[in-house]
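See structure below.
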Amino acid sequence: MIERSVEISFEFDGKNYPAFDGETIAAALLRSNVLNIRNAPSGSPRGIFCVMGACQECVVEIDGIKVEACRTSVADGLIIKRAHDV
Ligand code: FES
Numbered sequence: 001m002i003e004r005s006v007e008i009s010f011e012f013d014g015k016n017y018p019a020f021d022g023e024t025i026a027a028a029l030l031r032s033n034v035l036n037i038r039n040a041p042s043g044s045p046r047g048i049f050c051v052m053g054a055c056q057e058c059v060v061e062i063d064g065i066k067v068e069a070c071r072t073s074v075a076d077g078l079i080i081k082r083a084h085d086v
């Protein structure tokens, strides 16, 4: 039997989502079927692509700082915003 870490929650664009402590923001959003995690300057939806920090398609904002969702661990109560100008 696989044991999971502690279940936590975080906010993405005003909605709460579940996560497991230690997983990446990208993994947690994918498990919740959130595929559009940023918008290009043209407004077109973007999402996770390379999952290794190379493409920048997963950039989100935390406290005004842009981070890669595929390389950033989620934390309980974390407030994340969809990036629009990347
Ligand atoms: S999915 Fe490519 S940098 Fe995160």
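Each residue of the sequence shown is one higher than the last, beginning at 1 in the working numbering. Beta carbons: idealized from backbone N, C-alpha and C, even for Gly.
Query, Result
"Cutoff 8 Å: R82 Cβ touching any chain D Cβ", "Structure shown: chain D not included; a single protein chain is present."
"Coil, strand or helix - I25 by DSSP", "helix"
"Under the three-state DSSP convention, the category R4 falls into", "coil"
"C-beta atoms of T24 and A83 nearer than 8 Å", "no"
"N-terminal and C-terminal residue of the beta strand (DSSP E) that R82 is part of", "I79 to R82"
"First through last residue of the beta strand (DSSP E) which encompasses V59", "V59 to I62"
"Given V6 as reference, the closest of V74, K15 and G53 once Cα atoms are compared", "V74"
"A40 - DSSP class collapsed to helix/strand/coil", "coil"
"Buried/exposed call for R4, threshold 16 Cβ in 10 Å", "exposed"
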